[in-house]
Amino acid sequence: MFSVADTTGAKITQMLSAILLFVAIMGVILFLAGRVSGRRSDRAVAFAYLAPTVIMLAVGLIYPGVRTIYQSFFNAAGNAFIGLDNYTTIFSDADQLTVLRNTVFWVIVTPFVATGVGLLYAVLVDKARLESVAKALIFLPMAISFVGASIIWRFVYEFRPNQGNVKQIGLLNQVLVWLGGEPQQWLIESPLNTFLLIVVMIWIQAGFAMTVLSAAIKAIPDDIIEAARLDGVTAFGMFRFVTLPSIRPAVVVVLTTISIATLKVFDIVQTMTGGRFNTSVVANEFYSQSFRSDNQGLGAALAVVLFLMVVPIVVYNIRQLRASEAR
Amino acid sequence: MSIHRKGTRFRIALAGTVSVGLVLGVTACGDGDGDSGGGTTASAAAIDCAQFSSYGDLKGKTVTVYTGIVTPEDKPQIDSYKPFEQCTGVTVKYEGDKAFETQVLVRAKAGNPPDLAYVPQPGLLKQLVATGKAVEAPAQTAANVDKFFGEDWKAYGTVNGKFYAAPLGANVKSLVWYSPKEFTDSSYTVPTTLDELKALTDKMVTDGKKPWCAGIASGEATGWPLTDWMEDMMLRLSGPETYDKWVNHQIPFNGPESTAALDAVGTYLKNDKYVNGGLGDMKSIATTTFQDAGLPITEGTCSLHRQANFYAANFDKDTKVAEDGDVFAFYLPGKDAQTKPVLGGGEFVLSFANRPEVQAFQTYLSTDTWANAKAAISSGWVSANSGLDPNKLTNPIDKLSVTILQDKNAVFRFDGSDQMPAAVGSNAFWKQTTSWITGQDTKTTVDNIEKAWPK
Amino acid sequence: MSATSAPITTTPPVTPPPVSASAKAKKRLTSPWASLAALVLAVLWTLPTFGLLISSFRPQRDIRTSGWWTFFSDPEFTMDNYREVLGSDSSGGLGDFFVNSFIITIPSVIIPLTLASLAAYAFAWIKFPGRDLLFVAVFALQIVPIQVTLIPLLTLYVDAGIAGTFWPIWLSHSIFALPLAVFLLHNFMKEIPSTLLEAARVDGAGHISIFFKVLLPLLRPALAAFGIFQFLWVWNDLLVALTFAGGGGTVAPITVALANLSGTRGTAWHLLSAGAFVSIVVPVTIFLLLQRYFVRGLLAGSVKG
């Protein structure tokens, strides 16, 4: 069961037995939790429900995370303690400061624009004809891998000179040429190039925002909408005073999820510019330092910085949590 | 345990002695065998298994190979192992992975390395050896390398005085692609010195052309073609000895030699009259992928493109790559016609296990038998193995590459950025030269790279 | 305990403001302008992908020398790219890789989904000391970059003797999915009105039966939604597969095969366009099949809190 399966049949058997094993383990845990009664039963159930998750996270994320924090105080080879030097580098080196600036651009622009577009679209197509087809179109980019996405956008941003019989390959430049302009090398000019890369991430994430928010809109009770309509609320008023407040928790969830996904993304930058022309972000720099430059310490420190950048998002969510509990 | 070990060692020793005879025997009758080996794998049965009996009884054993060589170059690799597999009973499990260079380190560090890894950079080789998981090459492999490869090649596979990895394939980077037809029509001649190259370029400019095309975009490795340009100029202007010092940081990266080399690149690539044929202005070098950069030659919008022999794979299938075809390459000339520095690269076979079947396969890969068998079934592949017979190569660019590699006057040097510490060779060197082509001056560029060198 | 299917209405979070007498309750958002806006967005979002689709049917040379829109003025159609992708014979075509992708994906969706819904329930509806702190910790773990976990986890798998099998991939995907899954499902669960749970509790139901009999049916759409996302992420994952599926490719998924399609030096990227569409087929099918859950809302029975 734990050996290598190399025929299709063996693979399927292994998968099914893995699932059965999982179900059996969960069954035993729940059964035991159910046997505990009395005052402590709440804690026993909580323990049973949380233990598998907590154990897996402790092994799979906390241990490596702590290890990374530890490594961030060491040098490139990981054999000499250098205190905060890696952090000093990140916050003083001109290149690294550009990386931080870009990351801030990413994490501010992507979640809001992606959520905004997703929300707008969800409202626009709500209850429209062909709603499911319309949604599938926006959702499509979610189903494409980053490798696929980078080729797709290559056909948008690619540059060819305006000379002789050379034809444009990139859609953006072709549109420019049709309008009588000169083709541009979009990915070179900083900081414009960073925003052009952000567009790719927005393109991918809008589908996520749209699906979740659309579902939230559909969950608004009909009687509220009816009541508002009877009161003669305009369409915009409806959105502003009925829809938005009702789906507020969902908006927060979407913003949070996209922010974190944005902080972690490095594939887009890596495949489209390789982080050149001042487009690198912390996640890409972390990858490049750890796996390309053989600078374990600096790479680890960048990962820690990434972690610190999430703190504001976490704090905001805690306040939301408190607020919803107070209700 | 100890008995088992002894047995293993004895068997290796035996395999070693016998395969010396084997190799000699093959060289002697190599010509006769060549024709039958020239066919595809179907003729593998015709291979005389007696040659392989010396490797001992290895039936049912498996050797795992992990490499960055993927489709379509992986097929001739896998096929070239078939005689070995059929005769020894060993199964070679081949895993090609584009992310090899980062993944192999992860696997080695985590204690999950393959049996053999084909490492394309001496710098990475050092990192892998530093994980403590790699094992030295067996004596027989070392003997083959002494016999078939130059000392320089052996040195690239040696870390801290211990020989680990035998060379596998090789590539030649000091090449300039051109259109033979254009050269005939405009009566240009292939230059034999750097001055002639400059003169040719100027002549093309007076003929109303943008002679050179270049492109350095390559994802996270963007910039590497510029490092090759600079290394080629370094070799030509300052000579191989200075080049070695430069690579090993015995002279600073921002010294006069370095500056001169980068400026020499600049006379071509930072000259608006010279670049970027069919691709735009100077800055377009930075955003053009290296794969696309030489294609304007076939469109007639560019005349010269400096890139390695493997660039041949980028041309369409109906483009004829030959001295009398649509495109071909000439040797990027030295300072004068006598000195012939050659910049190149290649892979090295690093072992993480010393089981007899692994060592047997490792040894097989270092023989001229394998090199010739591999060359016979592939196109666009050469090796620095001196036992490789250039006359058996069918592909003109391969023939040219082997001729350059085996030229008695040629002085071969491995790609410098592949040998430098990763912080320079796979980071600052790429990044800074990319900034340089988009406008940064030479001094800032070399100063920044010098600063990035690990203390 | 029959409350599950009955729609429950709670007090609306916001009272609609008193509105002026302007009684033209026009549904402006369904006006032609709204349709136009939706159409523009849909076109903008689809056009890049459409370009790739066209490109995947164009000959190699055309892709490199002219834009995909020239296809309409000068249609050159070929199936060669697809033929080459589907027939690429590194380990016998893409069939095995497809199977592997399914084998990898199914447990990698089921396991984290189950674990996370249990954990989310505990965070949402059971009171125990340190609950909020633990929840925030789990939530914050989303940011740990997967790359920092590769070497420690692989070392553990090697020590456990399961490296090279499907187990490391299943376990890793499950671990990496948990923080987000717990966070999302927790938020959905919070939306369920507490009156519903209290009613069940009064009836004498314990946590386990509340979870299975009350919450799970209500959460089905949310679980389906997260299931789809997780499915997409796992299906499109390359990094985890590269690291943990190592060792000859017997367990490697389709993304690994596709990534290698572009060739050793990335020269054959015309194949990538066809390859991208081959791998897209499954996720899009899954999405279309399960889409009805999205249309209905993330909580069954139009519950709203």
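Protein chains in written order, with my numbering: chain A, 1 to 327; chain B, 328 to 782; chain C, 783 to 1087. Cβ coordinates follow ideal geometry from the N, Cα and C atoms, glycine included.
Leaving aside the five residues that flank Trp850(C) on each side, the residues in its chain whose CB is nearer than 6 angstroms to its CB run, in chain order, Gly833, Ile836 and Ser837.
Taking C-beta atoms as the reference points, Lys536(B) and Ala1041(C) fail to come closer than 7 angstroms. Scanning chain C for C-beta atoms nearer than 9 angstroms to the C-beta of Pro64(A) yields Val926, Val930, Thr931, Leu932, Ile933, Pro934 and Leu935, reported in chain order. Under the DSSP assignment, Asn775(B) falls in the alpha helix (DSSP H) whose first and last residues are Thr769 to Ala779. The stretch 898 to 907 of chain C makes contact with the stretch 45 to 64 of chain A, as at least three CB pairs between them are under 8 angstroms. A direct Cα-Cα distance of roughly 42 angstroms separates Ile169(A) from Tyr408(B). Looking only at Phe510(B), Ala470(B), Lys436(B) and Leu455(B), the smallest Cα-Cα distance to Gln686(B) is reached by Ala470(B). The beta carbon of Leu1005(C) sits closer than 7 angstroms to those of Leu895 and Ser899, all from its chain and outside the five residues before and after it, given in chain order. The stretch 612 to 630 of chain B and the stretch 542 to 556 of chain B touch, with no fewer than 3 CB-CB distances between them shorter than 8 angstroms.
Within the DSSP secondary-structure output, Val654(B) pairs in a beta bridge with Val648(B).
Under the Cβ distance rule, Ser3(A) does not count among the residues neighbouring chain B, no pair being separated by less than 7 angstroms. In this structure, the beta-carbon distance from Tyr445(B) to Val709(B) does not fall below 7 angstroms. Nearest CB-CB separation between Pro161(A) and chain B: below the 7 angstroms threshold. The Cβ atoms of Thr947(C) and Gly438(B) lie no closer than 7 angstroms to each other. Counted as a single uninterrupted DSSP element, the stretch harbouring Gly542(B) is not any beta strand (DSSP E), since DSSP gives it neither H nor E. The CB of Ala143(A) comes closer than 7 angstroms to the CB of Leu1014, Ile1062, Pro1065, Val1066 and Phe1069 in chain C, given here in chain order. Taking C-beta atoms under 8 angstroms as the contact rule, Pro183(A) and Leu192(A) fail to qualify, at a distance of about 15 angstroms. Within the same chain, and ignoring the five residues on either side of Pro781(B) in sequence, the residues whose Cβ sits closer than 6 angstroms to its Cβ are Pro748 and Ala750. Non-local C-beta neighbours of Val574(B) in its own chain, meaning closer than 7 angstroms and more than five positions away in sequence, comprise Gly743, Gln746 and Met747, ordered along the chain. Secondary-structure assignment with DSSP links Gly673(B) through a beta bridge to Ala497(B).
Judged by DSSP secondary structure, Tyr638(B) falls outside any alpha helix (DSSP H); it is assigned neither H nor E. When the beta-carbon positions are compared, Ala1039(C) and Leu876(C) come within less than 7 angstroms of each other. The CB of Arg846(C) comes closer than 8 angstroms to the CB of Asp619 and Leu622 in chain B, given here in chain order. Taking 4 residues as the minimum length, the alpha helix (DSSP H) runs contained wholly in the stretch 96 to 169 of chain A are 131 to 139 and 146 to 157, in order along the chain. Here Trp757(B) carries a helix assignment [DSSP, helix/strand/coil]. Annotation: Cβ neighbours of Ala283(A) in chain C (cutoff 8 angstroms, chain order): Pro927. Around the Cβ of Asn969(C), a 10 Å sphere holds 16 or more other Cβ atoms; the residue is buried. Inclusion of Thr110(A) and Asn278(A) in the CB contact set at 7 angstroms is not warranted, their separation being larger than that value. Of all residues in the stretch 384 to 401 of chain B, only Thr391, Gly395, Ile396, Val397, Thr398, Pro399, Glu400 and Asp401 place a beta-carbon less than 7 angstroms from a beta-carbon of chain C. In the DSSP annotation of this structure, Glu463(B) is not part of any alpha helix (DSSP H), being labelled neither H nor E. The closest CA to that of Gly1057(C), considering only Ala149(A), Glu325(A), Leu197(A) and Gly275(A), is found on Ala149(A). Under the three-state reduction of DSSP, His576(B) is assigned to coil, being neither helix nor strand. With a beta-carbon spacing of about 6 angstroms, Leu524(B) and Pro660(B) fall inside the 8 angstroms limit used to define contacts. Asp294(A) is outside the set of residues whose beta carbon lies under 7 angstroms from a beta carbon in chain C. Under the Cβ criterion of 7 angstroms, Val669(B) is not counted among the residues facing chain C. Contact with chain B is absent for Leu16(A), since none of that chain's Cβ atoms lies less than 7 angstroms from the residue's Cβ.
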